[in-house]
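One structure below.
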Amino acid sequence: MTTSSMPCARPRLLAIVFKAPPQDQAAAQAAAQSGKLSQDIQLPLGTDGLASTLDGKPLDPQAIANEQKKLQDQLQQAAEKARQQLNANPAPAQ
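Under this note's numbering, the first residue of the sequence shown is numbered 1145, with each subsequent residue one higher.
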């Protein structure tokens, strides 16, 4: 019998854990009696491709700022247009 020094090839997982309140009355009562007022919800996420993402080219902060400015301008224009339409067509008095 031989042993190998190579590690097992297991998929690596990252788990995100949320604290959630009980969903129904019976679970809420049981949780209150046990002193545990929340339950853990685990979401396992595969880490395949994470290294290549982290090792990739970083985002350009100036490009991000420009994109945010562009989106903000679009939102302001849409709000102004909606405001003008609302002022042009006021709701009838009741």
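Backbone N, C-alpha and C define an ideal beta-carbon position, used for all residues, glycine too.
| Asked | Found |
| --- | --- |
| In the DSSP assignment, what residue or residues form a beta bridge with leucine 1189? | Leu1158 |
| DSSP three-state label for lysine 1213, please. | helix |
| Start and end of the alpha helix (DSSP H) containing glutamine 1167? | No alpha helix (DSSP H) contains glutamine 1167, which DSSP labels as neither H nor E. |
| With distances taken between CB atoms, is the gap from leucine 1187 to isoleucine 1208 smaller than 8 Å? | no |
| Do you know offhand how far leucine 1203's Cα is from isoleucine 1185's? | 32 Å |
| Could you spell out the range, first to last residue, of the alpha helix (DSSP H) harbouring alanine 1235? | Unbroken run through alanine 1235: none, as it is neither H nor E. |
| Contact defined as beta carbons within less than 8 Å: I believe aspartate 1198 pairs with leucine 1158. What is the distance between those atoms, to the nearest angstrom? | Sequence check: residue 1198 is leucine here, not aspartate. At roughly 13 Å, the Cβ-Cβ gap does not stay under 8 Å, so leucine 1198 and leucine 1158 are not in contact. |
| Between which two residues does the alpha helix (DSSP H) carrying aspartate 1199 extend? | 1194 to 1199 |
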